[in-house]
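Taking it in order: structure first as structure tokens, then the write-up.
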Amino acid sequence: MNPDKPAPAIPGITPVRTRIAPSPTGFLHLGTARTALYSWAYARHFGGQFVLRIEDTDVARSTQDSVDQILAAMQWLGLDCDEGPIYQMQRLDRYHAVVEQMLAAGTAYRCWCTPEELDAMREAQRERGVKTHYDGRWRPSRGKTLPSPPAGVKPVVRFANPVDGIVTWDDLVKGSISISNHEIDDLIILRPDGVPTYNFAVVVDDWDMAISHVFRGDEHINNTPWQINIFHALGAPLPRFGHCPIILGDDGQKLSKRRGAVSVTAYQDAGYLPESMLNYLARLGWSHGDEELFSAAQMVKWFDGSHLAKSPAQWDPVKLAWVNAQHLKLADDGRLAGLVAAQLASRGVGVAADERLVAMCALYKDRCSTTVELADWLAMHFVPVVPPADELAALLTDAVRPALVALRDRLAGCDWDKAAIAAALKAVLAEHKLKMPQLAMPLRLLLCGRVQTPSVDAVVALFERQIVLERLRHL
Ligand code: GLU
Numbered sequence: 031m032n033p034d035k036p037a038p039a040i041p042g043i044t045p046v047r048t049r050i051a052p053s054p055t056g057f058l059h060l061g062t063a064r065t066a067l068y069s070w071a072y073a074r075h076f077g078g079q080f081v082l083r084i085e086d087t088d089v090a091r092s093t094q095d096s097v098d099q100i101l102a103a104m105q106w107l108g109l110d111c112d113e114g115p116i117y118q119m120q121r122l123d124r125y126h127a128v129v130e131q132m133l134a135a136g137t138a139y140r141c142w143c144t145p146e147e148l149d150a151m152r153e154a155q156r157e158r159g160v161k162t163h164y165d166g167r168w169r170p171s172r173g174k175t176l177p178s179p180p181a182g183v184k185p186v187v188r189f190a191n192p193v194d195g196i197v198t199w200d201d202l203v204k205g206s207i208s209i210s211n212h213e214i215d216d217l218i219i220l221r222p223d224g225v226p227t228y229n230f231a232v233v234v235d236d237w238d239m240a241i242s243h244v245f246r247g248d249e250h251i252n253n254t255p256w257q258i259n260i261f262h263a264l265g266a267p268l269p270r271f272g273h274c275p276i277i278l279g280d281d282g283q284k285l286s287k288r289r290g291a292v293s294v295t296a297y298q299d300a301g302y303l304p305e306s307m308l309n310y311l312a313r314l315g316w317s318h319g320d321e322e323l324f325s326a327a328q329m330v331k332w333f334d335g336s337h338l339a340k341s342p343a344q345w346d347p348v349k350l351a352w353v354n355a356q357h358l359k360l361a362d363d364g365r366l367a368g369l370v371a372a373q374l375a376s377r378g379v380g381v382a383a384d385e386r387l388v389a390m391c392a393l394y395k396d397r398c399s400t401t402v403e404l405a406d407w408l409a410m411h412f413v414p415v416v417p418p419a420d421e422l423a424a425l426l427t428d429a430v431r432p433a434l435v436a437l438r439d440r441l442a443g444c445d446w447d448k449a450a451i452a453a454a455l456k457a458v459l460a461e462h463k464l465k466m467p468q469l470a471m472p473l474r475l476l477l478c479g480r481v482q483t484p485s486v487d488a489v490v491a492l493f494e495r496q497i498v499l500e501r502l503r504h505l
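So in the working numbering, spot 472 of the sequence shown is number 502, and the numbers just go up one at a time.
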């Protein structure tokens with residue numbers, strides 16, 4: 031991706047290895063796409079590797095459809111990974127082996143509390159006005175007699191979290207963060223069905239996959255102390271963590287499904303280009319000077335983990351549309367023709383992405399924010415248009431009608447290119463003593479169904495002659 035030599039690896043952290051670890055319980059949402067982008071760009075910047083891991087341990091909610099959508103979104107964005115997808119549910123043996131090691135080392139223990147017992151424990155804590163927590167009743171300690179395991183109850187395994195001390199890390203985004211061990215309890219790491227929980231599996235994986243830097247959403251800040259403690263319990267090296275603030279909707283509230291948090295691929299369907307999404311997502315929480323428009327390769331060159339914003343950014347659909355409009359201008363017209371042909375095909379309009387379509391993209395793209403809008407423009411060349419009757423009545427006057435008839439006759443016989451069409455228009459204007467707008471406006475209305483278009487000769491030249499003659503038939 032990066033044409034230039036990658037930046038030298040960070041001293042002491044070689045090689046850089048990052049990952050994105052989405053849960054396939056829904057589509058790839060925008061926040062995850064952004065942390066995927068940061069993780070990918072960071073790895074590429076330092077010549078490291080980027081790993082894709084599917085965290086599918088929420089068996090009830092994980093679906094193959096979500097996996098497929100996530101992989102498609104990553105591919106569309108061009109966030110290529112060096113390893114993966116790696117599926118957590120295919121690594122159960124490894125988690126079980128680590129749990130056994132921890133049980134043997136005394137850093138984890140079995141707990142036979144039933145859900146009812148845990149409910150009662152919490153209820154009692156609430157009544158006493160203390161924060162609910164696991165009270166450690168199955169945690170072994172010197173001189174303590176544990177209850178006998180009840181029959182018929184499958185135990186969970188809990189991590190023996192350090193009781194004292196403070197967990198501190200230097201967050202790549204937020205700076206120093208400290209959370210006291212008093213605030214966290216003994217986390218379940220293995221469920222009775224043998225499936226690990228997120229905070230445990232993530233540590234085993236980040237360790238096994240030699241992840242050096244973890245970028246993720248700041249909703250995970252409260253999980254990080256547990257993870258750091260588990261890394262220490264395993265004697266595993268700690269990655270650096272960077273927690274990116276959430277993305278707010280344009281109403282300033284948390285971006286959610288109800289507030290327009292649509293999937294990355296929904297933007298693909300809505301006619302956005304992947305380079306625009308990358309550009310816009312990157313800027314939403316990171317800056318490089320005043321740069322607003324850049325390519326993925328430029329971002330890779332610049333992205334060294336600095337200048338990440340500490341506070342939440344607000345999703346701005348207007349700015350995204352502007353960014354997309356700029357990238358549309360830069361996009362190769364042949365590529366756009368392919369995208370627009372697909373858009374038109376989805377509307378039941380079958381057209382080839384041929385030279386004429388390429389020329390149409392070149393002509394209209396400056397007026398568009400999305401390829402859907404571009405398809406709207408191109409559609410008039412292929413499907414009948416309905417000029418608004420009131421506009422037509424105002425523009426198609428008796429003075430203009432004979433000129434349009436004369437133009438139609440000339441267009442029936444002239445060469446079919448912009449210069450010949452311009453010459454036909456000019457001749458008719460002279461013959462009928464009209465000004466260009468008097469002829470061009472009704473002509474546009476009849477051909478295109480609207481009066482605002484690029485230069486009329488260029489537009490006419492992109493129509494098939496037969497269609498032009500057809501649309502000028504009833505004058
Ligand atoms: N599966 C977690 C999520 O989707 C991953 C968090 C992490 O990156 O550690 O939020």
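For glycine and all other residues, C-beta sits at the position ideal for the given N, C-alpha and C.
Name the DSSP bridge partner or partners of residue i?
i	result
Phe189	Ala138
Ile218	Arg188
His212	Answer by DSSP bridge pairing: none, since His212 is not bridged.
Ala491	Bridge partners of Ala491: none, in fact.
Arg83	Ile116
Val197	Ile209
Arg246	His273
Leu278	Lys284 and Gln344
Pro226	Leu220
Trp316	Leu338
Arg172	Per DSSP, none; premise fails for Arg172.
Arg47	Gln79
Measuring from the CB of residue i, is there a heavy atom of the ligand GLU at a distance below 7 Å?
i	result
Pro52	yes
Tyr228	yes
Arg246	yes
Glu85	yes
His250	yes
Thr62	yes
Val232	yes
For residue i, does the count of other Cβ atoms within 10 angstroms reach 16, so buried, or fall short, so exposed?
i	result
Glu213	exposed
His337	exposed
Met466	exposed
Glu113	exposed
Val489	buried
Thr198	exposed
Gly479	buried
Ser69	buried
Gln99	buried
Trp446	exposed
His273	buried
Gln496	exposed
Met130	According to the sequence shown, residue 130 is Glu rather than Met. Classification for Glu130: exposed.
Asp200	exposed
Gln105	exposed
Are the CB atoms of residue i and residue j nearer to each other than 8 Å?
i	j	result
Gly315	Ala361	no
Pro180	Trp142	yes
Ala102	Ala63	no
Leu60	Leu278	no
Ala351	Gln373	no
Arg188	Tyr125	no
Val370	Leu387	yes
Phe271	Thr254	yes
Ile116	Arg83	yes
Leu476	Leu502	yes
Ala452	Asp487	yes
Glu85	Gln120	no
Determine whether the Cβ of residue i lies closer than 8 Å to any Cβ atom of chain C.
i	result
Ala419	Looking at the structure shown, chain C is missing, and only one protein chain is on hand.
Give a single yes or no on whether residue i has its beta carbon closer than 7 Å to a heavy atom of the ligand NAP.
i	result
Arg365	Ligands displayed in this structure: the ligand GLU; the ligand NAP is not among them.
Specify whether the segment 253-269 and the segment 184-192 touch according to this definition: at least 3 beta carbon pairs, one from each stretch, less than 8 Å apart.
Below 8 Å, enough C-beta pairs join the segment 253-269 and the segment 184-192 to call them touching: three or more.
Count the CB pairs spanning the segment 457-467 and the segment 377-384 that are closer than 8 Å, and state whether there are at least three.
As far as the Cβ criterion goes, the segment 457-467 does not touch the segment 377-384, which means the pair count is below three.
Touching or not, the segment 350-361 and the segment 223-239, by the rule of three or more beta carbon pairs under 8 Å?
Judged by Cβ distances under 8 Å, the segment 350-361 makes no contact with the segment 223-239, as fewer than three pairs qualify.
Tell me whether the segment 87-101 and the segment 127-146 touch, counting them as touching only if at least three CB pairs, one residue from each stretch, are closer than 8 Å.
Short answer: they don't touch.
If contact is defined by three or more beta carbon pairs under 8 Å, each pair taking one atom from either stretch, is the segment 233-253 in contact with the segment 174-181?
The segment 174-181 is not in contact with the segment 233-253.
Under 8 Å: do the segment 412-422 and the segment 394-401 share three or more Cβ pairs, one atom per stretch?
These segments do not touch.
Within the chosen definition, does the segment 361-370 reach the segment 312-328 through at least 3 CB pairs nearer than 8 Å?
These segments do not touch.
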